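Sequence lines, in order, name chains A and B. Residue numbers are given in UniProt numbering: position 198 of the first sequence equals residue 198, and the series is strictly consecutive. Residue numbers are given in UniProt numbering: position 317 of the second sequence equals residue 317, and the series is strictly consecutive. C-beta: ideal position from N, C-alpha, C; glycine also. Remember, predicted model here, so these are calculated numbers, not experimental data.
There are 2 protein chains.
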Amino acid sequence: MSLRAKALYTFQSENKDEINIQENEELVIFDERPVDGWLQGENSRGERGIFPASYVEIIRPRSNSNITDNSLSPAGSPGNDSSYFPSTPNTSLRLPSYEDDDWDDWDDWDDSSTVVEDGDPRQGVGANGHAHQSSYNNPNVHYRPKPHMERQDSISSSRKGSMVGRNLNRFSSFVRSGVEAFVLGDVPMMAKIAESYTIEMGPRGPQWKENPQPFTCSIEDPTKQTKFKGIKTYISYRVTPSHTGRPVYRRYKHFDWLYNRLLHKFTVISVPHLPEKQATGRFEEDFIEKRQRRLILWMNHMTSHPVLSQYEGFEHFLMCADDKQWKLGKRRAEKDEMVGAHFMLTFQIPNEHQDLQDVEERVDTFKAFAKKMDDSVMQLTHVTSELVRKHLGGFRKEFQRLGNAFQSISQAFTLDPPYSSDALNNAISHTGRTYENIGEMFAEQPKYDLFHMLDKLSLYQGLLANFPDIIHLQKGAFAKVKESQRMSDEGKMDQDEADGIRKRCRTVGFALQAEMNHFHRRREVDFKEMMQAYLRQQIAFYQRVGQQLERTLRMYDNL
Amino acid sequence: MSLRAKALYTFQSENKDEINIQENEELVIFDERPVDGWLQGENSRGERGIFPASYVEIIRPRSNSNITDNSLSPAGSPGNDSSYFPSTPNTSLRLPSYEDDDWDDWDDWDDSSTVVEDGDPRQGVGANGHAHQSSYNNPNVHYRPKPHMERQDSISSSRKGSMVGRNLNRFSSFVRSGVEAFVLGDVPMMAKIAESYTIEMGPRGPQWKENPQPFTCSIEDPTKQTKFKGIKTYISYRVTPSHTGRPVYRRYKHFDWLYNRLLHKFTVISVPHLPEKQATGRFEEDFIEKRQRRLILWMNHMTSHPVLSQYEGFEHFLMCADDKQWKLGKRRAEKDEMVGAHFMLTFQIPNEHQDLQDVEERVDTFKAFAKKMDDSVMQLTHVTSELVRKHLGGFRKEFQRLGNAFQSISQAFTLDPPYSSDALNNAISHTGRTYENIGEMFAEQPKYDLFHMLDKLSLYQGLLANFPDIIHLQKGAFAKVKESQRMSDEGKMDQDEADGIRKRCRTVGFALQAEMNHFHRRREVDFKEMMQAYLRQQIAFYQRVGQQLERTLRMYDNL
């Protein structure tokens with residue numbers, strides 16, 4: 001998929017990865033998903049490399065077959081919100097095959113050292129591999145990874161024949177997730193449902209009932225492992241849940257398996273994206289550290305979530321230490337029937353009345369909030385990435401140059417020995433070294449602050465990218481309620497059936513509000529922590545610089 | 001005088017004063033003297049503005065009539081060192097007319113608000129207007145301002161007829177200064193010499209005997225004055241010498257008058273350059289502050305100098321408060337006969353024997369030192385100017401962007417009121433403002449440190465620029481000694497005459513060494529002070545930033 005783009009501004013390469021682009025130059029883009037504000041591509045002189053995404057405008061072909069074309073949707077159907085909730089399937093997304101069940105010969109696309117994918121090997125910066133280019137802003141791009149359409153379709157085909165029209169857009173998340181089927185009553189109540197998730201009324205509205213056995217989980221000690229006599233190399237992480245205290249060892253591909261199970265099952269829940277896949281430089285220290293930091297954030301969100309943290313497949317991932325048991329548990333999770341539409345059956349909701357119109361407004365407010373937060377997270381990511389670049393480049397360079405210039409002065413002063421003061425020359429030379437060192441401190445500093453900020457922003461980019469789809473579910477359900485009520489009023493539908501639709505729509509509304517509530521609670525905790533950690537590291541940094549300079553100043557005292 | 005230059009690198013304008021230049025582009029240069037690393041000119045697209053001097057190479061026409069052409073100098077004459085001591089007269093230098101004696105109608109080229117000269121109105125950075133583009137490095141450029149050739153020529157024409165050949169290069173500083181005439185004994189001993197400057201042997205060799213009445217002098221309170229009903233506007237400084245305590249009020253043109261007297265009189269002494277002349281923006285606060293700071297440094301060097309500080313014309317400048325007396329004293333100073341060659345008669349030197357060969361080596365060592373110091377002062381000036389630019393531009397921008405991004409996050413968080421925490425939002429918003437403020441602190445900081453460093457470096461650029469000429473005097477004198485000795489050996493000259501030349505050459509050597517010694521003593525004091533002041537301001541800066549961040553961090557404490 002090679003897109004074309006036009007350079008809006010001239011950009012001068014400053015590092016070897018980067019290429020020059022000239023204003024108005026046409027470029028080929030290798031991957032339209034920017035990684036922390038950088039795109040990869042080729043300029044008109046055939047040079048390949050990266051350049052800032054904000055300097056170019058992607059040229060979108062008009063002939064792009066857009067399956068969400070509104071003309072295909074019945075008038076008034078929920079599909080007409082497509083400017084905000086586009087549903088072009090993301091065909092470029094590589095999903096591992098779930099059929100291959102073998103522990104060892106499982107598709108090694110992430111761990112194999114021979115696979116080469118396009119990817120930005122730059123350290124520190126880099127959004128989630130699936131990451132969105134703000135699906136709030138770009139109606140033609142839609143990056144939320146989609147599970148295969150399996151059971152939802154079979155449910156649809158076995159429908160008993162509701163009167164309410166179905167959405168013709170088979171890629172709409174409303175349809176794909178099975179929520180349409182659920183709302184229309186096409187999902188038969190199962191005899192026995194082992195799982196149950198309770199939504200309760202909290203001070204800020206509906207909320208997920210806390211996990212009765214809350215726990216945390218550490219991810220430590222990424223270690224390079226080999227197998228098949230060194231042909232395959234991978235990184236293994238020690239994963240230790242707090243409630244068992246027993247470590248298990250997991251590879252990225254295991255996280256990825258779990259992640260895809262979560263996408264399959266958890267309708268209405270914003271599943272955190274995994275840190276990006278990357279082929280080149282996967283064994284470089286910086287990359288390993290970055291992936292570990294981001295897996296830890298991912299894990300924290302998982303364990304903090306009352307629903308996700310109780311998922312049986314997650315439990316299996318966290319506890320199973322035996323190869324054979326692992327395979328069995330994996331198969332069990334893959335055969336889980338309570339996914340998608342059926343997952344909606346697992347909710348226990350409060351009896352409390354909620355006016356659907358009020359819910360609609362609540363969701364609209366959240367939608368506006370989420371869009372603005374998505375924008376500002378994106379803005380902060382750009383600024384932070386650029387600041388990292390400045391720390392590693394400009395800031396370091398300026399201070400090193402100053403250091404060099406002081407050294408040069410000191411050297412000049414030694415050239416006329418009868419008039420040369422060793423003490424002064426040493427002090428100036430030391431000042432030079434101090435500034436060279438301060439340059440290095442600037443270059444090192446992102447490790448202590450900016451990288452962590454980028455990690456958290458990347459997590460939130462992923463969480464926010466899910467919400468348009470999730471909100472779309474509630475919009476779709478609400479539209480069905482209105483449609484069924486109209487039909488009932490016109491005598492075209494039994495009031496019972498319309499009531500059923502309204503009741504099931506309430507479930508969707510409660511679940512969405514509970515998820516919104518959870519998002520806000522985590523957001524407060526996470527951003528407070530993020531800001532505090534950043535400020536603490538910044539204070540420590542400026543203090544260290546000040547102390548270095550104070551020590552240096554003392555060298556001039558007794559001259 | 002419009003020169004051409006070739007752009008070595010592409011430069012992108014970042015401020016409205018600057019213009020883009022493309023690699024290999026041909027440019028017109030308005031003034032080849034860079035002001036703190038910036039040149040003014042026009043690019044091939046007709047845009048006029050400034051660009052970094054280091055990005056371009058000036059194209060020197062081959063046909064340039066070089067009066068110092070070595071072929072004109074007799075073989076073996078001192079003129080053959082012209083690659084290092086070029087003597088192209090600087091015709092572009094505007095000197096005020098000294099004939100016009102009138103206090104008020106004196107050429108107002110500096111103070112008149114109607115005069116417009118080319119000049120860089122940018123603040124903070126800016127070398128001396130006469131400043132050299134390293135006369136150590138660029139043999140075709142020579143910026144030491146030269147007084148009119150008056151008495152030296154009349155002395156030459158009235159010579160009694162020494163046997164030793166004269167330098168044909170009439171622009172050589174050796175000839176122009178009158179030192180040649182002095183060494184050859186063409187300057188008659190005057191009956192009564194009122195002035196006398198003693199050179200004594202100190203721990204580091206010959207040194208000027210201290211001024212028996214040392215003093216300092218403050219320059220304060222630059223005040224805008226008008227006369228002729230507001231037609232003329234100028235800045236008046238309150239100048240208060242410590243030994244009288246009585247202020248006098250002086251304008252830049254008075255400094256400039258004094259400066260030109262000093263150039264006339266003080267052979268063998270490195271007269272500090274005045275801060276640059278500038279026509280546009282002369283009444284802007286930044287410029288006034290900068291000129292005042294640099295006049296203070298100039299004055300400090302003047303009062304510290306055992307010879308310059310005792311000059312009668314300087315005393316007149318510092319003390320005369322009466323218009324009529326001022327005119328009389330000015331005329332007296334301009335009629336001073338002990339200038340140039342005659343000034344050499346005022347030295348009392350030690351009887352101590354100094355081998356001329358040793359002096360030669362001492363001077364060569366100093367020359368190598370001075371060249372390297374000139375280079376490194378230039379390097380530090382470039383680095384510091386660039387750092388100023390970064391403080392005002394890049395650093396400020398980065399922190400302001402970070403601040404804006406935090407503010408934007410905080411705004412997003414207010415958009416879903418039921419879930420919004422005012423305390424957190426305020427803290428994040430405050431963090432945003434703090435970083436915006438830190439950006440401003442970065443932009444303000446050069447006023448406290450870098451500008452002062454640039455001031456001192458500019459003073460030293462001026463002092464160092466004088467030394468090639470001064471060293472040339474000693475070289476010329478030494479060559480005359482050798483020539484006269486050879487002629488004496490060949491019986492073509494009386495031994496008495498040769499001895500006289502050798503004796504007078506000793507005077508030149510002692511004086512040069514005393515001046516070198518004084519330079520080194522000042523250099524140590526000045527650079528120690530410069531480094532300490534810089535480090536203190538830097539420490540204070542980083543502490544202030546840290547304190548701001550600490551206060552901000554505390555806002556998150558009770559969330």
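Contact with chain B by residue i, beta-carbon distance below 7 Å
i, result
"ILE50(A)", "no"
"THR365(A)", "yes"
"TYR143(A)", "Residue placement at TYR143(A) is poorly supported in this model, since its pLDDT is 39, which falls under 50; the coordinates still yield a value, given next. Closer than 7 Å: no."
"PRO446(A)", "no"
"ARG555(A)", "The sequence shown places Met at residue 555(A), not Arg. No, MET555(A) does not count as interfacial toward chain B."
"ASP526(A)", "no"
"LYS390(A)", "yes"
"GLN537(A)", "no"
"HIS520(A)", "yes"
"GLY546(A)", "yes"
"SER134(A)", "Low per-residue confidence applies at SER134(A): pLDDT is 48, beneath 50, and the placement is therefore not dependable, though the value from the model is reported in the following sentence. For SER134(A), the answer is no, since every Cβ of chain B falls outside 7 Å of its Cβ."
"TYR542(A)", "yes"
"LEU512(A)", "no"
"GLN22(A)", "no"
"MET493(A)", "no"
Residue(s) in a DSSP beta bridge with residue i
i, result
"PHE11(A)", "ILE21(A)"
"THR267(B)", "Paired residue(s): none; THR267(B) is not in a bridge."
"ALA533(A)", "For ALA533(A), which the question treats as bridged, DSSP gives no partner whatsoever."
"SER408(B)", "Answer by DSSP bridge pairing: none, since SER408(B) is not bridged."
"ALA341(A)", "ALA341(A) is not bridged to any residue."
"VAL248(A)", "VAL239(A)"
"PHE347(A)", "TYR197(A)"
"LYS6(B)", "GLU26(B) and GLU57(B)"
"GLY202(A)", "GLY205(A)"
Any chain A beta carbon closer than 7 Å to residue i
i, result
"ASN558(B)", "no"
"SER421(B)", "yes"
"VAL383(B)", "yes"
"LEU457(B)", "no"
"GLU398(B)", "yes"
"MET531(B)", "yes"
"GLU515(B)", "no"
Residue i - containing alpha helix (DSSP H), residue span
i, result
"THR431(A)", "422-444"
"GLU289(A)", "285-304"
"TYR460(B)", "450-489"
"ARG331(A)", "323-335"
"VAL187(B)", "Run containing VAL187(B): none; DSSP gives neither H nor E here."
"GLU386(A)", "356-390"
"PHE314(B)", "312-319"
"residue 567(B)", "Only positions 1 to 559 of chain B appear in the structure, and residue 567(B) is not among them; the question remains open."
"SER177(B)", "Unbroken run through SER177(B): none, as it is neither H nor E."
Run of the beta strand (DSSP E) containing residue i, from where it starts to where it stops
i, result
"THR226(A)", "217-227"
"GLY205(A)", "205-208"
"LYS232(A)", "232-241"
Heavy atom of the ligand MG within 6 Å of residue i beta-carbon
i, result
"ASP358(A)", "This structure simply doesn't include the ligand MG, nor any ligand for that matter."
**Report entry** alpha helix (DSSP H) runs contained entirely in the segment 17-58 of chain B, provided each spans 4 or more residues
**Finding:** Segments of the alpha helix (DSSP H) lying fully in the segment 17-58 of chain B: there are none.
Report task. Please name the residues in the segment 345-372 of chain B whose beta-carbon is closer than 7 Å to at least one beta-carbon of chain A, in chain order. Result -> Cβ contacts with chain A come from THR365, PHE366, ALA368, PHE369 and LYS372.
Requested in this report: Check distances from the C-beta atoms of the UniProt domain "PX" (215-325) of chain A to those of chain B and list, in chain order, the residues that come in under 9 Å.
Outcome: Legend: CB atoms of the UniProt domain "PX" (215-325) of chain A lying less than 9 Å from CB atoms of chain B are not found in any residue.
**Report entry** Residues of the segment 405-418 of chain A whose Cβ lies closer than 9 Å to any Cβ of chain B, in chain order
**Finding:** Within the segment 405-418 of chain A, the qualifying residues are ALA405, PHE406, GLN407, SER408, ILE409, SER410, GLN411, ALA412, PHE413, THR414, LEU415, ASP416, PRO417 and PRO418.
Query raised in the report: Taking a cut of 8 Å between CB atoms, which residues from the segment 420-439 of chain A lie near chain B?
Result: Here the close residues are SER421, LEU424, ALA427, ILE428 and THR431.
Requested in this report: Determine which residues of the segment 173-204 of chain B have a Cβ less than 9 Å from any Cβ of chain A, and write them out in chain order.
Outcome: Correct list: ARG204.
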